[in-house]
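One point on numbering: in this note's numbering, the residue at position 96 of the sequence shown is 139, and numbering is uninterrupted. All C-beta atoms, glycine included, are put in the ideal place defined by N, C-alpha and C.
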Amino acid sequence: MKILKTLIVLFIIVSCSGKKTEYQITEFDKVLGTENSKTLNSLVSDFEKDILIKTYPNLNTEKAYKQFLIDVNENKLTFWNKISSENRKKFNDSKLKLEIYEYPDSVWIDGNDIKSRFAFKNDDGTTDYGIGFHSVNLKKNIDSLIEVKYKTPRMNYVGKYMQAINKIKDENDFLKAFYDVKETAGFIHPEIMAGIILKSKPDFSSPITKGLIVMEFGY
44 MKILKTLIVL
54 FIIVSCSGKK
64 TEYQITEFDK
74 VLGTENSKTL
84 NSLVSDFEKD
94 ILIKTYPNLN
104 TEKAYKQFLI
114 DVNENKLTFW
124 NKISSENRKK
134 FNDSKLKLEI
144 YEYPDSVWID
154 GNDIKSRFAF
164 KNDDGTTDYG
174 IGFHSVNLKK
184 NIDSLIEVKY
194 KTPRMNYVGK
204 YMQAINKIKD
214 ENDFLKAFYD
224 VKETAGFIHP
234 EIMAGIILKS
244 KPDFSSPITK
254 GLIVMEFGY
């Protein structure tokens with residue numbers, strides 16, 4: 044009888060966990076959008092085939108993701124050059140890219156600073172602008188500095204990617220930690236980010252966990 048009760052409890056726990064994961068995926072995809080979700084899932088699948096399976100052939104997918112983070116955290120793994128040019132192009136040509144990152148629409152020199160203007164659309168259709176700046180060495184080639192700045196992205200804090208994470212961030216410690224770091228710091232060194240993710244004890248079987256890891260470290 045005790046064994047039966049234990050099995051029933053385990054079944055209920057697994058069932059509830061599955062429903063919770065399904066809810067997270069539904070809400071995340073709803074905000075991110077169907078096309079962007081398909082792109083993300085495709086990039087995740089390719090990442091697993093091109094990097095995880097080849098790097099960790101003796102581990103299952105969930106354990107491979109964890110070991111990947113451990114190796115990144117310990118600076119033991121160089122993986123950026125293993126992502127194919129086809130997948131780079133797939134991401135660069137996708138709408139998903141501009142939901143994650145944003146690029147300046149105007150760059151100029153103001154005194155000792157180089158300034159960048161970022162445009163973003165409001166829900167009512169109006170456009171607002173944000174300005175970023177930092178000091179610059181005016182002895183360098185100004186045209187080159189401006190050209191580089193045009194190609195330098197920053198996190199799109201109002202894009203659908205961050206909105207989708209925000210929608211479900213209170214569902215578990217990993218999502219909360221991930222969102223808080225991205226909102227506060229934007230880009231963060233891979234070694235540090237890998238450590239933060241590992242500390243939050245994510246569910247490596249979750250498609251959302253996999254997607255966020257692939258985007259964070261791959262693209």
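In terms of Cβ geometry, V150 and K182 do not form a close pair [threshold 8 Å]. By the beta-carbon neighbour count (other beta carbons within 10 angstroms, threshold 16), A207 is buried.
Boundaries of the alpha helix (DSSP H) around Y193: 185–193. With fewer than 16 other Cβ atoms from the protein chains shown falling within 10 Å of its own Cβ, K164 counts as exposed.
In the DSSP assignment, I152 forms a beta bridge with I157. Every alpha helix (DSSP H) of 4 residues or more that sits fully in the segment 77–154 is shown, in chain order, as 77–90, 104–116, 128–135, 139–143. Taking 8 Å as the cut-off, the Cβ atoms of T64 and S137 do not count as close.
Restricted to the segment 198–239, the alpha helix (DSSP H) segments that are unbroken, complete and at least 4 residues in length are 203–211, 216–228, listed in chain order. Exclusion of the five residues before and after F90 leaves V257, G261 as the residues of its chain whose Cβ lies within less than 6 Å of its Cβ. Counting every other CB atom within 10 Å of its CB across the protein chains shown gives I94 a total of 16 or more, marking it as buried.
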